[in-house]
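Chemist:
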Amino acid sequence: HALILVTSWWAWVQDILRKAGSGEEVAPGVRIETPFIHADEVETSIIWYLAPDLIDEEKLRKEGEWGVYRPLPPRWVNTAGNVFTDRPFNWYDVSALPEFYYYRKGFVGYANLADPAKGRIIVEKVIERVVEFVEWLKRSYPAGRIPRTWIEFEELYFDKPRSWCEPKG
């Protein structure tokens with residue numbers, strides 16, 4: 008038995024990403040000016056913080072403002088891919104439109120608003136929260152103690168005999 012967990016980098020900072028474009032500060036004196044999308048102010052800020060040699064500042068400032076053409080309004084479409092679950096469609100479910108219009112430049116949102124300080128805030132918050140979770144996990148399930156991740160036969164609401172559930176052959 009094992010405890011297998013699947014998560015996303017973005018799931019740890021949804022509260023910060025929801026502030027993007029709202030005018031709210033994500034840290035004292037720091038705002039993310041545009042809504043989170045892909046290859047935008049947020050993602051470029053993170054890369055700039057983590058790997059500054061990958062950022063061409065001149066090109067970023069010259070060509071980094073593009074925006075997004077949407078065939079459906081944001082009310083219906085989650086522009087952050089699958090980060091937020093409160094919209095019925097993810098941007099990549101609607102059409103290949105963003106790829107055709109924007110990816111040839113290498114970004115979708117407003118990458119010219121990126122700043123490594125914004126990236127630092129997000130990266131440090133992810134690390135803080137993941138460390139907090141791992142510490143909790145270590146306390147809750149020390150070496151040798153396996154969390155129960157299975158259902159016992161007796162707990163099933165199943166009107167067939169146990170033999171129906173056992174592997175055949």
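Residue numbering for the sequence shown follows our numbering, starting at 8 and increasing by one per position. In this text, a Cβ means the ideal position worked out from N, Cα and C, and glycines have one as well. All of these numbers come straight from a predicted model, not from anything done at the bench.
1) Assuming Phe43 and Val90 form a contact by the criterion Cβ under 8 Å, report the distance between their Cβ atoms to the nearest whole angstrom.
2) Quickly, what does DSSP pair Arg38 with across the bridge? List them, please.
3) Quick one: give me the first and last residue of the alpha helix (DSSP H) that Leu57 is part of.
4) Give me the Cα-Cα distance between Val137 and Trp19, rounded to the nearest whole angstrom.
5) Under the assumption that Val39 contacts Lys167 (Cβ atoms under 8 Å), give the Cβ distance between them as a whole number of angstroms.
6) Please list the terminal residues of the continuous alpha helix (DSSP H) segment that includes Pro123.
7) Tell me which same chain residues have a C-beta within less than 7 Å of the C-beta of Thr7, skipping the five on either side of it?
Modeler: In short, the structure shows the following:
1) 7 Å
2) Glu32
3) Glu48 to Leu57
4) 8 Å
5) Before going further, note that residue 39 is Ile rather than Val in the sequence given. Not confirmed; about 54 Å, so no contact.
6) Pro123 to Ser147
7) In the structure as shown, the chain starts at 8 and stops at 176, and residue 7 therefore has no counterpart that could be examined.
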